[in-house]
Amino acid sequence: MVSIQKGTIGDIPFLLAEKKENAGKPLPLFIFIHGYTSAKEHNLHFAYSLAEKDFRVILPDALHHGERIVANPPKSMEYDFWNIVQQGIQDVNRIMEWAKENEFVLENQVAVGGTSMGAIITYGSLVNNPTITAGCALMGTPAHEKFARWQIERIQNAGYDIPLTVEELENAISSLSDYDLTRNLDKLNNRPLFIWHSEVDAVIPYEFAKPYVQTLTEKNSASVYMNDKTSGHKVSRAAYLNAVEWIAKQLKTKKETV
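For what it's worth, our numbering labels the leading residue of the sequence shown as 3, then goes sequentially.
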């Protein structure tokens with residue numbers, strides 16, 4: 003039976019899913035990060051399916067989401083999007099450190115994945131942390147800088163003022179290059195990636211991933227790209243099922259010997 007537990011790592015609230023009989027044992031770890039305006043509870047189907055396969059799954063709340071919503075949140079979450087992303091990358095590091103300190107990780111096997119904003123954080127985490135074993139990016143983009151410029155243009159075209167000077171804006175965008183996988187392809191270092199994206203996604207348009215899909219999947223023979231022509235900005239059931247099976251193949255659970 004799969005158990006779901008609540009906990010915190012510093013200021014990061016999380017849900018932890020594992021089989022009851024696996025409590026306290028080292029297991030492959032999967033960290034799954036939710037999308038923008040979502041929360042950790044919304045991805046329990048991933049956690050349950052992988053826990054059934056003898057994984058330990060941690061679902062954190064991102065900054066300004068779920069239990070981390072504060073009394074006075076930013077006036078516009080859109081303006082704070084990339085602060086949330088960069089904090090999410092650091093959160094992944096903290097979760098991994100905590101899990102390893104508690105001897106929860108089997109043979110340093112850690113996969114990181116997420117949907118939408120969570121996939122953007124996943125790409126950045128692969129750049130930032132070389133000890134991550136594999137990544138699973140569902141409808142995100144590895145091109146942080148290009149996507150940020152598109153977001154700004156869309157906000158301005160809608161008639162909204164951005165409360166930053168041109169210099170401040172450029173400095174903020176330039177800071178994203180440290181986590182932009184398209185600018186740091188060498189840091190992927192042959193680690194496998196599962197990529198899913200709908201070609202009719204209007205929220206994170208496929209054009210921001212398309213030029214890099216072949217390059218990223220060619221970096222490791224175990225990498226997979228699944229395209230979709232109908233789902234839009236919503237993970238299909240086929241994508242979910244294939245992602246779970248792929249992750250299970252990349253990270254091996256310990257088999258009992260007789």
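By construction, the Cβ of each residue, glycine as well, lies at the ideal position given by its N, Cα and C atoms.
Source: prediction; values computed, not measured.
Check                                                                                                                                                                : Outcome
If you draw a straight line from the C-alpha of Q158 to the C-alpha of A150, how long is it?                                                                         : 12 Å
Quick check: what's the CA-CA separation for H235 versus E99?                                                                                                        : 32 Å
For the alpha helix (DSSP H) containing A53, name the first residue and the last one.                                                                                : 46 to 54
Looking at the structure shown, is I206 part of a helix, part of a strand, or coil, going by DSSP?                                                                   : coil
Evaluate K8 with the Cβ neighbour count: other Cβ atoms within 10 Å of its Cβ, from every protein chain shown; 16 or more gives buried, anything less gives exposed. : exposed
Count the other CB atoms, across all protein chains shown, that sit within 10 Å of the CB of K42; report buried if there are 16 or more and exposed otherwise.       : buried
Suppose only complete runs of 3+ residues qualify. What are the beta strand (DSSP E) ranges in the region 100 to 127, listed by chain order?                         : 107 to 117
Span of the alpha helix (DSSP H) holding R151?                                                                                                                       : 146 to 159
Assign Q111 to buried or exposed, taking buried as 16 or more other Cβ atoms, counted over all protein chains shown, within 10 Å of its Cβ.                          : buried
Give me the Cβ distance between L253 and A113, rounded to the nearest whole Å; I'm assuming they're in contact under 8 Å.                                            : 6 Å
Have a look at the DSSP bridge pairing and note the partners of V59.                                                                                                 : A19, F32
Suppose only complete runs of 3+ residues qualify. What are the beta strand (DSSP E) ranges in the region 195 to 252, listed by chain order?                         : 195 to 200, 226 to 230
Answer yes or no: do A241 and L128 have a C-beta to C-beta separation smaller than 8 Å?                                                                              : no
How is the alpha helix (DSSP H) around V168 delimited, first residue to last?                                                                                        : 168 to 176
Which residues in the same chain have their Cβ closer than 7 Å to the Cβ of G68, if we skip the five residues on either side of it in sequence?                      : P15, A41, K42
Within 10 Å of its beta-carbon, does P62 have 16 or more other beta-carbons around it, so buried, or fewer, so exposed?                                              : buried
Express the C-alpha separation of L187 and L218 in angstroms, rounding to a whole number.                                                                            : 8 Å
Using a threshold of 8 Å, state whether the C-beta atoms of R96 and I11 are closer than that.                                                                        : yes
In the DSSP output, which residue or residues are listed as bridge partners for S5?                                                                                  : E20
How about G37 and T117: do their beta carbons lie closer than 8 Å?                                                                                                   : yes
Whose C-beta lies closer than 8 Å to the C-beta of K189 among residues of the same chain, with five residues either side of it excluded?                             : L128, V129, P132, L183
From E201, E147, R156, pick the residue whose C-alpha is nearest to that of S176; which is it?                                                                       : E147
Could you tell me which residues DSSP puts in a beta bridge with T10?                                                                                                : P15
Can you name the start and end residues of the beta strand (DSSP E) that A1 belongs to?                                                                              : One cannot answer for residue 1 here, as it falls past the ends of the chain, which runs 3 to 260.
Is the beta carbon of A245 closer than 8 Å to that of F196?                                                                                                          : yes
If you reduce the DSSP assignment to three classes, tell me which class G142 lands in.                                                                               : coil
By the 10 Å Cβ neighbour count, where 16 or more other Cβ atoms means buried, how is T143 classified, buried or exposed?                                             : buried
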